[in-house]
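K.L.:
Count along the sequence shown starting at 1, add 942, and that's the number in the numbering used here.
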Amino acid sequence: MKNFFCAMLFFFASVQATAWDGVTSGKIAQIEAVGGAGGAGNFDLRVYLSSATPPCPSEIASPPAWSYLNAADANYKGILSILLMAQALNKTVTIHSNRVAGYCQIAWVIVSEG
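Here you go:
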């Protein structure tokens, strides 16, 4: 019985550790890239989906309808190429994001048929 409770504790702890602040799906409606004028780390890549669902909850009065990725973020080039391919092929994208200072930072991207 003790092993069962330990296993359940680890299970629930791992579920909480993988939680996202926001998950939204849709076709890519628009992609914006900010150059050096905006400064590095100024929401370098912004992705708008066709979904009416906000990318993640926000404490900002007028939250943006986009999720972002900065060039310094892990796997930036890989995620950028996946998003551009998905837009070119009109695929459905699911973006998992985490809220950072009220904005939705892309953490995980899934491309699916449709």
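Cβ atoms here follow ideal geometry from the backbone N, Cα and C, with glycine treated the same way. All of these numbers come straight from a predicted model, not from anything done at the bench.
1) For Tyr1045, count neighbouring C-beta atoms within 10 Å of its own C-beta (all shown protein chains included) and say buried if the count is 16 or more, exposed if not.
2) Give the straight-line distance between the Cα atoms of Ile1052 and Thr1036, rounded to the nearest whole angstrom.
3) Would you kindly check if the distance between the Cβ of Ser992 and the Cβ of Gly968 is under 8 Å?
4) So Tyr1010 packs on Arg1041, CB below 8 Å; how close in whole Å?
5) What are the residues that DSSP puts in a beta bridge with Trp1008?
P.N.:
Let's see:
1) Residue numbering aside, residue 1045 sits at position 103 when the sequence shown is read from its first letter. Looking at its Cβ environment, which holds 16 or more other Cβ atoms inside 10 Å, Tyr1045 is buried.
2) Translated into the one-based positions of the sequence shown, residue 1052 becomes position 110. Translated into the one-based positions of the sequence shown, residue 1036 becomes position 94. Answer to the nearest angstrom: the Cα atoms are 5 Å apart.
3) Along the sequence shown, read from residue 1 onward, the residue named residue 968 stands at position 26. Along the sequence shown, read from residue 1 onward, the residue named residue 992 stands at position 50. Yes; because the gap between Cβ atoms is below 8 Å, this pair is in contact.
4) In the sequence shown, counting from the first residue as 1, residue 1010 sits at position 68. In the sequence shown, counting from the first residue as 1, residue 1041 sits at position 99. At roughly 11 Å, the Cβ-Cβ gap does not stay under 8 Å, so Tyr1010 and Arg1041 are not in contact.
5) Indexing the sequence shown from 1 puts residue 1008 at position 66. Its beta-bridge partners are Tyr990.
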